[in-house]
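A short write-up of the structure that comes next.
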Ligand code: ACO
């Protein structure tokens, strides 16, 4: 995904972590308003592309949503493409959600896991391992195992991705849109 400004000036690392301040933890400060505006453009464009890819009626990721909902975003770039100006390859959005879930026995469990809320790799770069790079980076950054996370309405591509890379195959049926896998409920106690 190309932009009419220098992606490398906005994001210094190949994978950047952005919180609601848009300040990349490991990269540039977004204090300058022109940089802030460009970051907003990138996030909004990514959100639109992801919604289109998932055939959603409206984006679930935008700069304003990121600010108000306290979600966190990992952004992957290819700094060498576009004559050295860089391109944005994709993103992964995570956030904590309080959920009421059912374990294998149908017992209600209240939990506030880290959830994958949105995930997108540019069409021409899918199935090249970019999604895996982003996901692995997030797991290391959060020091988390994938079976301890919840997945918000995962697409069939994402379910296939989780099965292939993390052997997450057996989900535990829920009554909401979230998918959790066996292993999620270890050490979790029932709602009294
Ligand atoms: N059809 C089926 N499975 C796919 C496809 C596809 N077109 N693309 C990727 N996958 C899965 C497969 O398991 C694939 O392995 P395979 O090629 O051996 O079959 C594996 O992902 C490849 O892994 P990566 O290359 O690391 O994944 P990629 O860079 O393609 O990123 C992602 C995966 C993010 C799901 C990407 O395909 C994508 O953006 N899809 C469109 C948007 C989408 O569905 N996002 C998930 C929304 S749900 C949510 O965020 C909670």
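Numbering (my numbering), first residue to last: 3 to 194.
Positions of the beta carbon are idealized from the N, C-alpha and C atoms, including for glycine.
Assigned secondary structure, residue i (DSSP; H/G/I helix, E/B strand, else coil)
i	result
residue 49	helix
residue 70	helix
residue 77	strand
residue 112	strand
residue 23	coil
residue 120	strand
residue 169	coil
residue 91	strand
residue 104	strand
residue 182	strand
residue 36	helix
Separation of residue j from residue i, as counted between CA atoms
i	j	result
residue 3	residue 91	6 Å
residue 144	residue 109	28 Å
residue 112	residue 188	13 Å
residue 181	residue 152	6 Å
residue 136	residue 19	10 Å
residue 51	residue 35	24 Å
residue 13	residue 192	43 Å
residue 64	residue 171	30 Å
residue 132	residue 80	10 Å
residue 150	residue 100	14 Å
residue 166	residue 147	15 Å
DSSP bridge partner residues for residue i (one or two, in chain order)
i	result
residue 17	78
residue 97	117
residue 192	111
residue 174	182
Q. Can at least three beta-carbon pairs, one atom from the region 153-165 and one from the region 65-84, be found at a separation below 8 Å?
A. Judged by Cβ distances under 8 Å, the region 153-165 makes no contact with the region 65-84, as fewer than three pairs qualify.
Q) Between the region 175-182 and the region 125-142, do at least 3 Cβ pairs fall closer than 8 Å? A) Segments in contact, no.
Q: Could you say if the region 117-131 and the region 62-81 meet the contact criterion of at least three C-beta pairs nearer than 8 Å?
A: Touching, per the Cβ criterion.
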